[in-house]
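Following: one structure in structure tokens, then a few remarks.
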Ligand SMILES: Nc1nc2c(ncn2[C@@H]2O[C@H](COP(=O)(O)OP(=O)(O)OP(=O)(O)O)[C@@H](O)[C@H]2O)c(=O)[nH]1
Ligand SMILES: Nc1nc2c(ncn2[C@@H]2O[C@H](COP(=O)(O)OP(=O)(O)OP(=O)(O)O)[C@@H](O)[C@H]2O)c(=O)[nH]1
Ligand SMILES: [Mg+2]
Ligand SMILES: [Mg+2]
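Written as structure tokens, this is what we have:
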């Protein structure tokens, strides 16, 4: 199955009668093109190429296999390694702990929609789930999350319930409110922000310090290009990113920027968004992601 | 010395990297570098790497300028003033979350500051909170927004807005649509229907400056399926090099007319090709 998915990037390799330096270089070139088109960071593409180059011709060929298959395996392993391994991530949430999960990310990346998707996902697993709207900047942010919450019958806490427009106050009071009511999972939606908005980055740092969420999830748009690395770095510096959610993978974007986000945060991708509806959420599958990356 | 593939290659590779790091799509970056190479091959130049470098950079600047400096550049203010009688109808389209609604609010602000009346149409009848979001902008700006209930026909909302503008003598209708993936056939048809019903004077594609290679896919299909007259690039303030501006300009042969530089109403600037070229070659 890996062979089918890697075919478009590796057509020539598979057609070659044997693998020599020239065939390997051509294979590496087509991998590089596929990764660049998939928005993988330019420098990361180069270092992946070097790793593949080092290993592909040096590794021993096990009996019954061809050099070709060794090369395919090396390519697959190097890419999957960047995602932290081929095992799907642990997406379990402990119950009875009032687990606070805070979503952060750039404007428009899909946080609010994702908050509702996660609430729906975990509610179906039997967790008592709640939503906190800590975005008081974006016009209609509360109404947006409230309409989604209403669809899945999950309670929401925002500026109306807190009697305050201060995101910090809302987050603290909201998490406390649901913890005391025995909720298992409390998802906090925050306003979009990017690394050059100083006051907004300071705000998320403060919210993180005062609320002390059990997990901070970075929501990344699959269409993001080379800036994924520096933006993820900045978020990680401000708040410790514990997990990643890649949205909009139902389009044509491959989400290669996420590889850099994983690399600089050490966090695993837990879920992907595959549509605008609340149920358009899937647990992350590294091998599927890699084969889609290679086109 | 005569410029040939061998002495140009290291410099061209360096520039290719710069373009890729600035989010210029791979196919577009390669075409640009090829143009520069063909422009310079065979030229005689004084010896020395610096001399060749200057020539290569100038050739690149020239190529980029030609791609970005598309004329005519539709200017909403002059188009609105020129449209005697009938309102200027502008349709906004683009991928999810890239900034259409906020950009419409900014443009409305810009038009109002120039003494031009505006009405907004909320043809996003799908997304949660879409109507409330545009309604709040409309209130802040002091303009009317035409909206129906959620789930209503987006084309009907747009139509009502144009009728309203005609009857009230309002100069410009800005139509907001739901974000969508260009791969969704039904949603592309929905946009075509809105366009058939109100015959917009301008169809504007709104794209995030942080977008990578997918910008080419998005632009190509939106243009093919619905038609794009101009582009607005948003979130240029997010340290985006904005290579998507080049990719889309080149692929559609249409101009980028504004860039969004923040979330406030004033954060909308006319697109300046020099700005982009400076950032890319930084
Ligand atoms: N096609 C698709 N659209 C998505 C997905 N996730 C979110 N969206 C859409 O992306 C757009 C932006 O989503 P939001 O949830 O408003 O994004 P946000 O990060 O909360 O935005 P801000 O709060 O302004 O920063 C909306 O149109 C969503 O419906 C996805 O997985 N696929
Ligand atoms: N920093 C910055 N943020 C922007 C800019 N333009 C829009 N935004 C933000 O991006 C987010 C999404 O903007 P929207 O206007 O809701 O995007 P949209 O395309 O209408 O989204 P959908 O209708 O869901 O497809 C909001 O948080 C905006 O404030 C910009 O130029 N700079
Ligand atoms: Mg939001
Ligand atoms: Mg919108």
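Residue numbers (this note's numbering), protein chains in the order written: chain A, 36 to 330; chain B, 2 to 283.
Note that CB positions come from ideal geometry on N, CA and C, so glycine has one too.
Using a Cβ-Cβ cutoff of less than 6 Å, which residues in the same chain neighbour residue i once the five nearest sequence positions on both sides are dropped?
i	result
residue 302 of chain A	276, 277, 278 and 279
residue 145 of chain B	120
residue 146 of chain A	138, 140, 224 and 254
What residues in its chain sit with their C-beta under 7 Å from that of residue i, if we drop five residues either side in the sequence?
i	result
residue 67 of chain A	80 and 84
residue 214 of chain B	26 and 27
residue 144 of chain A	227, 254, 255, 256 and 282
residue 46 of chain B	2, 4, 52, 53 and 56
residue 62 of chain A	45, 47, 48 and 106
Pick helix, strand or coil for residue i, following the three-state DSSP scheme.
i	result
residue 303 of chain A	strand
residue 72 of chain A	helix
residue 170 of chain B	coil
residue 292 of chain A	helix
residue 192 of chain A	strand
residue 259 of chain A	strand
residue 318 of chain A	strand
residue 101 of chain A	coil
residue 252 of chain A	strand
residue 82 of chain A	helix
residue 259 of chain B	strand
residue 204 of chain B	strand
residue 176 of chain B	strand
residue 209 of chain B	strand
residue 93 of chain B	strand
residue 270 of chain A	helix
residue 271 of chain B	strand
residue 128 of chain A	coil
residue 246 of chain B	helix
residue 184 of chain B	coil
residue 79 of chain B	helix
residue 253 of chain B	helix
residue 221 of chain B	helix
residue 231 of chain B	strand
residue 282 of chain A	strand
Nearest-angstrom Cα distance between residue i and residue j?
i	j	result
residue 254 of chain A	residue 7 of chain B	44 Å
residue 168 of chain A	residue 192 of chain A	6 Å
residue 174 of chain A	residue 207 of chain B	19 Å
residue 3 of chain B	residue 10 of chain B	13 Å
residue 249 of chain A	residue 122 of chain A	23 Å
residue 39 of chain A	residue 52 of chain A	With a pLDDT of 45 at residue 39 of chain A, under the threshold of 50, the modelled position of this residue cannot be trusted; read the value that follows with caution. Taking the straight line joining both Cα atoms gives about 18 Å.
residue 66 of chain B	residue 105 of chain A	47 Å
residue 76 of chain B	residue 173 of chain B	13 Å
residue 180 of chain A	residue 115 of chain B	35 Å
residue 95 of chain B	residue 112 of chain A	36 Å
residue 149 of chain A	residue 158 of chain A	14 Å
residue 333 of chain A	residue 267 of chain A	Residue 333 of chain A lies beyond the stretch modelled for chain A, which goes from 36 to 330, so this question has no answer here.
residue 20 of chain B	residue 69 of chain B	14 Å
residue 244 of chain B	residue 262 of chain A	11 Å
residue 155 of chain B	residue 17 of chain B	43 Å
residue 132 of chain B	residue 310 of chain A	20 Å
residue 110 of chain A	residue 295 of chain A	17 Å
Spatial neighbours of residue i within its chain, please: C-beta separation below 8 Å, excluding the five flanking residues on both sides.
i	result
residue 197 of chain A	204, 205, 208 and 209
residue 289 of chain A	72, 73, 74, 257, 327, 328 and 330
residue 199 of chain A	205 and 208
residue 314 of chain A	152 and 155
I'd like to know if residue i contacts chain C, where contact means its C-beta is closer than 7 Å to some C-beta of that chain.
i	result
residue 189 of chain B	Looking at the structure shown, chain C is missing, and the protein chains on hand are A and B.
query = Can you list, in chain order, the stretches of the alpha helix (DSSP H) that have 4 or more residues and sit fully within the segment 100-153 of chain B?
reply = 101-114 and 131-142
Minimum length 4: unbroken alpha helix (DSSP H) runs contained in the segment 4-44 of chain B = 6-22 and 27-41
inquiry  = Which residues of the segment 196-223 of chain B have a Cβ closer than 7 Å to any Cβ of chain A? Give them in chain order.
reply    = 209, 211, 212, 213, 214, 215 and 218
request  = Mind checking the segment 137-157 of chain B against chain A and listing, in chain order, the residues whose C-beta falls within less than 7 Å of any C-beta there?
outcome  = 137 and 138
query = Just by C-beta distance, which residues in the segment 182-199 of chain A are closer than 7 Å to chain B?
reply = 182 and 183
query = If you scan the segment 135-189 of chain A from start to end, which runs of the alpha helix (DSSP H) of 4 or more residues do you find wholly inside it?
reply = 146-159 and 176-186
Chain A contacts made by the segment 89-103 of chain B, where a contact means CB separation under 7 Å = 96, 97, 98, 99 and 100
task = Return the chain-ordered ranges of every beta strand (DSSP E) run that is complete within the segment 187-248 of chain A and spans a minimum of 3 residues.
result = 220-224
ask   = Name the residues in the segment 240-268 of chain B whose C-beta lies less than 8 Å from a C-beta of chain A; which are they?
value = 240, 241, 242, 244, 245 and 264
request  = Name, going along the chain, the residues of the segment 10-22 of chain B whose beta-carbon falls closer than 7 Å to a beta-carbon of chain A.
outcome  = 18, 21 and 22
task = Give the residues from the segment 49-69 of chain A that approach chain B closer than 9 Å (Cβ to any Cβ), ordered along the chain.
result = 68
inquiry  = If the cut-off is 9 Å on Cβ atoms, which residues from the segment 239-264 of chain A count as contacting chain B, listed in chain order?
reply    = 256, 257, 258, 259, 260, 261, 262 and 263
query = Listed in chain order, which residues of the segment 101-135 of chain B have Cβ atoms closer than 9 Å to some Cβ of chain A?
reply = 102, 103, 106, 127, 128, 129, 130, 131, 132, 133, 134 and 135
ask   = What residues in the segment 285-297 of chain A bring their beta carbon closer than 9 Å to a beta carbon of chain B?
value = 285, 286, 287, 288, 289, 291 and 292
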